[in-house]
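Chains as they are written, first to last, in my numbering: chain Z, 1 to 244; chain L, 1001 to 1248. Inspection log for the structure reproduced underneath, given as C-alpha cells.
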C-alpha cells in the first residue's frame, strides 16, 4: 500500500430538465499512506460524489483514481451518511455479512471496543442512531480496509455521543492504521481528527487549499487548542471562510 | 390481544350462524337448509370419502398451479423490475394478459390442448401469473438503492445480495401476491374443473347444481373456507411472524 492519487478531470450529471451539471472539475488530491485526511466544504458541493467515485460506486467520470494497491479488488470500508444497516439482520449478522470469511474474534474485539457486545443480537430498528453509527463503523473496520471513507458519519449525533464515538474511532485507527478520508463541514471536528485538512469549493468542486494540522494527537480533545488553531487558520487562509 | 378482542370474532360468527338458522326456519324451503342440515350432510360426505377425495384433488391442482405461478412470477417480476428496457418492452403483454377474462383463457387452453390435466393447470397459471409479475415488479422497483450500494461496496456475492438484501425487501410483496393469489386461484380452479374435469370441487358443485342440492353445495363451501383459513393461520401467519420479527 502506498499513497493514493485522485485525479478527476470532469464529473457531470444530468438534471431532471436534461441539462448537464458539472459536479467536479479538475480535482487533484494526494492521500498520504495511513494518514487521516478531512475534506471540508459547503454542503452540496459534491463530497459524497467524490467518495462514491473512490468507492467505485460511481464510474461515470473522466479521470483516474490510483489506490496504490497491488490487487484489483480493493477493500474499501465505507461509512455512509446513514448507517445503511440491514434492518432484518441482527447487529452481529450485519457485521458478519461484510466479511468474506468468519472472523468471530475480530468482531468480538470490535464490539467490545465500541461497547456494543450486549446488543449484538438485537435488530438495528431497536437501537438508537448513535449505536447504529457505531455498528457501521465496526462493519467498516472489521473488513480491515485498505482505505476507509467516512461521509459525515457523526451528523445528528448529540455532542457527548459524537465526542465518544470520535475518540473510539481514533483509538481503533491507531491500533490498525490505514488511510482515512473523512468528509465533514464542521471545521472543529476536522481539526480534532485530521492529519491534513483539504478545503473544497462548491460546484464545480475543486481543491482550494490543503493544511496540515500540527496539534499533537494527545492534545486533540483540548477544545482551547482546537479553537486557537481554527482562529489562526481562518486568519492565515481568509479564502476558506466562505466555504464554511 | 385483550379478552374482548378474542371474544368479538367468535360472537360475530355465532351471530351469523344464528341469523342463518332464523332465516332458514322462516323461509322453510329446500333452497336454504338450516346449518344443522348442512352439518349433517358435511359429516356424511366426509364419512363416504367423497368430500376429502374431491377437496384433495382440487388442493393438489391448487398447489401445482400456485407454485408454478409464484416461481415464474417472482423470476420474471424481478427481471422486469431490475431492467427498464425489458419492462418497457413487455409492459403491453402484461396489460393484455391482465385484462384477458379468466373464462377465455380456460376455454382456449381446453380447445388447444384438450380436456387434460396439464391444460387445466396451465389455464390457472396463465390467469395468476400476470398478477404475481406486476406485484413483484413493483416491489423490485422499490428496492432500497442505498442498501444495494452498501452490498456492492462490501463485495457481497450475488447470492448474498439476493438472500440478505433483496429478498427481505420483497417479502411483503411476495406475501401480498400469495394471499391475493390463493383467493384468485381457488375461484378459477372451480371454473376450470366445472368446464373440463371429471373430479374436484368444481365438478362436484356443478353436479349438485343440476340436482338442486343446496345443502351439499353449502357443505362443500364450508370445507373450502375452512381449508383457506387453515392455510392462513397455519402457514402464512407464522411465516409473516418469522420474517417480520425485526420490525419495531
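Beta carbons are placed, not taken as given, at the ideal position from N, Cα and C, and that holds for glycine.
| Query | Result |
| --- | --- |
| Distance between residue 98 of chain Z and residue 1147 of chain L (C-alpha atoms, nearest Å) | 12 Å |
| Assigned exposure category for residue 165 of chain Z - 16 Cβ within 10 Å defines buried | buried |
| Contact under 8 Å by Cβ, residue 1069 of chain L with residue 1159 of chain L | no |
| Collapsed DSSP secondary structure at residue 99 of chain Z in the structure displayed | coil |
| Whole-angstrom distance between residue 1218 of chain L and residue 1039 of chain L, CA atom to CA atom | 9 Å |
| Members of the segment 21-42 of chain Z that neighbour chain L once the beta carbon cut-off is set at 8 Å | none |
| Distance cut-off 7 Å: residue 1191 of chain L Cβ against heavy atoms of the ligand SAH | Summarising the ligand content, the structure contains no ligands, and the ligand SAH is consequently not present. |
| Against chain L: residues of the segment 53-67 of chain Z by CB proximity under 9 Å | 55, 56 and 57 |
| Cutoff 8 Å: residue 102 of chain Z Cβ touching any chain L Cβ | no |
| Segments of 4+ residues assigned as alpha helix (DSSP H) that fall wholly inside the segment 122-155 of chain Z | 129-142 |
| Close Cβ partners of residue 11 of chain Z (< 6 Å) along its chain, the five nearest in sequence each way excluded | 23, 24 and 61 |
| Burial state of residue 1088 of chain L (16 or more Cβ within 10 Å) | exposed |
| Close Cβ partners of residue 2 of chain Z (< 6 Å) along its chain, the five nearest in sequence each way excluded | 33 and 68 |
| Proximal residues of chain L, C-beta to C-beta of residue 80 of chain Z below 9 Å | 1146, 1149, 1150 and 1153 |
| Best match in L/1177, L/1057, L/1181 and L/1041 for proximity to residue 1202 of chain L [C-alpha to C-alpha] | L/1057 |
| Bridge partners - residue 77 of chain Z, DSSP secondary structure assignment | Z/148 |
| Under 8 Å from the C-beta of residue 76 of chain Z: neighbouring residues of chain L | 1153 |
| Cβ neighbour criterion (16 or more within 10 Å) applied to residue 136 of chain Z | buried |
| Chain Z contact for residue 1162 of chain L (CB, 8 Å cutoff) | no |
| Residue 132 of chain Z vs residue 124 of chain Z beta-carbon contact at 8 Å | yes |
| Where the beta strand (DSSP E) through residue 40 of chain Z begins and ends | 36-40 |
| Beta-carbon separation (whole angstroms), residue 37 of chain Z vs residue 180 of chain Z, contact threshold 8 Å | 7 Å |
| Inter-residue spacing [alpha-carbon to alpha-carbon] between residue 213 of chain Z and residue 1135 of chain L | 55 Å |
| Endpoints, beta strand (DSSP E) assigned at residue 62 of chain Z | 62-66 |
| Whole-angstrom C-beta distance between residue 198 of chain Z and residue 85 of chain Z, which should lie under 8 Å | Residue 85 of chain Z to residue 198 of chain Z, Cβ: 29 Å. No contact. |
| Delimiting residues of the beta strand (DSSP E) encompassing residue 196 of chain Z | 196-200 |
| Completely contained alpha helix (DSSP H) runs for the segment 173-197 of chain Z, where each covers 4 or more residues | 187-193 |
| Test item: CB-CB of residue 1035 of chain L and residue 1044 of chain L under 8 Å | no |
| contact_flag[the segment 1182-1194 of chain L, the segment 1046-1063 of chain L] where n(CB pairs < 8 Å) is 3 or more | yes |
| Straight-line gap, residue 1226 of chain L to residue 1123 of chain L (C-alpha atoms, nearest Å) | 25 Å |
| Cβ neighbours of residue 83 of chain Z in the same chain (closer than 8 Å, five flanking residues each side left out) | 124, 129, 132, 133, 135 and 136 |
| Residue 257 of chain Z to residue 1172 of chain L span [Cα, whole Å] | Outside the shown range of chain Z (1 to 244) lies residue 257 of chain Z, about which nothing can therefore be said. |
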